[in-house]
Amino acid sequence: MMRFIFVLFICCVSFSVNIFGQDTLPSISVKSVGGKVIISWKNGYGALINNINIQRSSDSIKRFSTIGSVLNPLNKENGYVDNKPPAGTAFYRVFVAFEGGSYIFTRSHRPVLDTTKEAIIAIIEEQKEREKEGGKTLANAFVPSKFVFTGKDNNVIINLPNANTQKFSIKFFNENDVLLFEIRSIKDPYLILEKVNFLHAGWFKYHLYDNEILLEKYKFYIPKDGKHVANGRAQN
């Protein structure tokens with residue numbers, strides 16, 4: 046069922062890598078190589094996976110936020126490179142969503158220093174391949190969420206296949222983290238929020254919850270009228 050909502054209120058980088066010693070989901074490998082952090086895994090679920098997000102936190106239990114998604118979650122060997130990990134302690138985990146709406150979180154891990162020759166070569170070769178393909182790397186690309194994104198008409202789409210059996214809610218913020226509005230109970234699997242609810246074009250952030258558990262903390266881009274950014278991608 047598709048439904049339009051008008052709310053009245055007042056007020057990256059991912060690419061697949063081949064790293065030796067990958068673990069199979071729901072286990073992941075998190076390694077620090079040359080100032081970057083590589084999160085890698087093997088897909089043992091086949092075509093059942095719908096979406097994979099990588100999340101980072103300053104502790105191992107809470108305050109996780111999504112830092113990117115993989116372009117093809119069905120790859121047998123997959124991974125994500127955090128090119129600019131924060132100073133100090135950081136923990137990483139992977140959020141895996143399946144067809145039908147179920148999901149899992151992997152355990153959180155601190156990066157383990159990896160100075161093996163194979164790991165370094167893998168990063169260099171992957172970088173070269175990306176430069177050949179497009180003239181620039183995916184480090185500058187935005188990968189939209191499969192749950193909250195902008196459509197062809199630049200309205201905001203909320204796609205939650207099992208909304209009728211879960212307790213989803215979502216909060217929207219402007220680029221400066223000021224709360225705009227909240228939808229406390231989402232029971233429709235496919236909602237369209239009119240872009241006028243966001244007052245202007247630009248970047249917006251959101252927090253998606255299931256029964257008050259933070260599932261995804263990410264962002265989306267609304268282009269100016271008359272413009273469209275394919276697949277919700279835009280440059281910072």
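Counting in the working numbering, the sequence shown runs from 46 upward without gaps.
Cβ atoms here follow ideal geometry from the backbone N, Cα and C, with glycine treated the same way.
Check, Outcome
"Beta-bridge pairing of Q100 - partner residues as DSSP gives them", "T111, R138"
"N221 classed as buried or exposed, judged by whether at least 16 other C-beta atoms fall within 10 angstroms", "exposed"
"Option in E261, L244, Y251 with minimal Cα separation from P284", "In the structure as shown, the chain begins at 46 and stops at 281. Residue 284 is therefore absent and cannot be evaluated."
"Exposure of N95, with buried meaning 16 or more beta-carbon neighbours within 10 Å", "buried"
"Given 8 Å, three or more beta-carbon pairs between the stretch 226 to 246 and the stretch 202 to 217", "yes"
"Burial state of A135 (16 or more Cβ within 10 Å)", "buried"
"Collapsed DSSP secondary structure at T195 in the structure displayed", "strand"
"Nearest neighbour of K232, chosen from G146, I73, L225 [CA to CA]", "G146"
"Where T195 falls, given that 16 or more other Cβ within 10 Å makes a residue buried", "buried"
"Residues that DSSP places opposite F243 in a beta bridge", "Bridge partners of F243: none, in fact."
"Bridge partner(s) assigned by DSSP for G124", "S85"
"Alpha-carbon spacing of F249 relative to I73, whole angstroms", "30 Å"
"Same chain, Cβ closer than 6 Å to K264, neighbours up to 5 away in sequence not counted", "W248, K250"
"For F60, the three-state DSSP class (helix, strand or coil)", "Confidence at F60 is low in this model, with a pLDDT of 40, below 50, so the placement of that residue is unreliable and no value is reported for it."
"The beta strand (DSSP E) enclosing N117, as first and last residue numbers", "N117 -> no beta strand (DSSP E), and no H or E assigned at all."
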